[in-house]
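Position 27 of the sequence shown, counting from 1, maps to 27 under UniProt numbering, and the rest follow consecutively. We put the CB at the ideal spot given by N, CA and C, even for glycine. Given the structure is predicted, the values throughout are model-derived calculations rather than measurements.
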Amino acid sequence: MTFASIMVAMDLSPEARDRVRLAGHLADDFRARLIGVAAETPAYAVPPVGPTPASAYALTASNETVLNDLRQAHVAFEEAAGNRSRVEWRSNIELPLPFLVAQAAAADLVVVGRKTEPGPMLFSVDPGDLVMRLGRPVLVVPPGVDHLDAKRVAVGWKDTLEARRAVWDALPFLKRASQVVVISVDDGDGAADPRDIVGLLQAQDVYATSVQKDAYGSAASEALVDAASEQAADLLVAGAYGHGRLREWAFGGVTRDLLAYAPICCLMSH
Numbered sequence: 001m002t003f004a005s006i007m008v009a010m011d012l013s014p015e016a017r018d019r020v021r022l023a024g025h026l027a028d029d030f031r032a033r034l035i036g037v038a039a040e041t042p043a044y045a046v047p048p049v050g051p052t053p054a055s056a057y058a059l060t061a062s063n064e065t066v067l068n069d070l071r072q073a074h075v076a077f078e079e080a081a082g083n084r085s086r087v088e089w090r091s092n093i094e095l096p097l098p099f100l101v102a103q104a105a106a107a108d109l110v111v112v113g114r115k116t117e118p119g120p121m122l123f124s125v126d127p128g129d130l131v132m133r134l135g136r137p138v139l140v141v142p143p144g145v146d147h148l149d150a151k152r153v154a155v156g157w158k159d160t161l162e163a164r165r166a167v168w169d170a171l172p173f174l175k176r177a178s179q180v181v182v183i184s185v186d187d188g189d190g191a192a193d194p195r196d197i198v199g200l201l202q203a204q205d206v207y208a209t210s211v212q213k214d215a216y217g218s219a220a221s222e223a224l225v226d227a228a229s230e231q232a233a234d235l236l237v238a239g240a241y242g243h244g245r246l247r248e249w250a251f252g253g254v255t256r257d258l259l260a261y262a263p264i265c266c267l268m269s270h
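Quick look at the structure:
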């Protein structure tokens, strides 16, 4: 099992080049093709000049602004991707989220950054929206990270459909890792039993162990990140929105916190 095609969301932020470099290194490791994607829609908010009808002027000017943004993103992507031979670019004047959802049919893994506010409008999408709709594992890269070795991987484990899917989707990473640690967090309701998932990973020739972490009144996400840091992991695998996204939006939750604050790369599936 491997990643044959890795897609990376491109924008005009300074972090985008780092993200492409990281995705490029992964493409080298897995001998995969690298696909850059970007999309933007016109604002249609440009005021008219003189007798020019407002709608016609706004359409022309806004479209040209978007096309210029997409050209800049393409140039930045090519520079960060280097001289790799298996590289592809896809862009369009379109709403970013549905565009990426459609393009993701060509990818095994989609690499995105955190949503930043304020920031460039180009490909301004919430990674939480992506993980809910893509049907692909999403690798969320924090700012300032341009390389992922994934030799030591942490798996945040609860026996949910989403966590099981995340582990399966992460197998290309897990099989290459020198150490995989399954972390069960006791958030007051007891920690999930990791024995079955550890046994499954070992049957897949993955060297896996397990640890339990008590939240001790702190957020489960904080306890999970602390445990991953103690294991020197640079990749955290977790199921996304196991309790439902609306509940997390209203009351907080592990997925929301990891997407916003995790200091290491997170691979998530829903």
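So, is T255 buried or exposed, given that buried needs 16 or more other C-beta atoms within 10 angstroms?
buried
Note down the Cα distance separating E15 from A177, rounded to an integer number of angstroms.
26 angstroms
Drop a sphere of 10 angstroms on the beta-carbon of D196, count the other beta-carbons inside from all chains shown, and report buried for 16 or more, exposed for fewer.
exposed
V153 to G113, Cα distance in whole Å?
19 angstroms
For the alpha helix (DSSP H) that A27 lies in, which residues bound it at each end?
15-30
Start-to-end residues for the beta strand (DSSP E) that takes in D186
179-186
Just how far apart, CA to CA, sit L171 and V131?
18 angstroms
Quick check: L34 and A43, are their CB atoms within less than 7 angstroms of each other?
no
Residues in the same chain with beta-carbon distance under 8 angstroms from G188, minus the five sequence neighbours each way, listed in chain order, please.
A215
At which residues does the alpha helix (DSSP H) containing R136 begin and terminate?
Where R136 is concerned, there is no enclosing alpha helix (DSSP H), given that its DSSP letter is neither H nor E.
Meets three-Cβ-pair contact criterion under 8 angstroms: the region 195-211 and the region 132-150
no
Tell me whether Q202 is buried or exposed, calling it buried when 16 or more other Cβ atoms sit within 10 Å of its Cβ.
exposed
What do you reckon, are the CB atoms on D226 and I264 nearer than 7 angstroms?
no
Boundaries of the alpha helix (DSSP H) in which G190 is found, first to last residue:
Segment: none, G190 is in no alpha helix (DSSP H) and carries neither H nor E.
Separation of G156 from I183, as counted between CA atoms:
5 angstroms
Just to check my reading of the structure: L100 and A4 have Cβ atoms closer than 8 angstroms, yes? What is that Cβ distance to the nearest angstrom?
Going by Cβ atoms, the distance from L100 to A4 rounds to 18 angstroms, so no, they are not a contact pair.
For the alpha helix (DSSP H) containing T255, list its first residue and its last residue.
254-261
Own chain residues within Cβ distance below 7 angstroms of R19, not counting five before or after
V8, V111, G113, V141
Between which residues of its own chain and R165 is the CB-CB distance below 8 angstroms, once the five residues before and five after are set aside?
G239, S269, H270
Minimum C-alpha distance to D11 - residue among S221, A220, W89
W89
Taking the straight line between their C-alpha atoms, what separation do you get for A61 and N68?
11 angstroms
Nearest-angstrom Cα distance between Y261 and N92?
30 angstroms
Looking only at its chain, what residues have a beta carbon closer than 6 angstroms to the beta carbon of P47, apart from the 5 residues adjacent to it on each side?
Here the model assigns P47 a pLDDT of 49, short of 50, so the residue's position is not dependable and the matter cannot be decided.
Measuring straight from C-alpha to C-alpha, what distance separates S75 and D129?
The amino acid occupying residue 75 in the given sequence is Val; Ser does not appear at that position. If I take the Cα positions, the gap works out to 27 angstroms.
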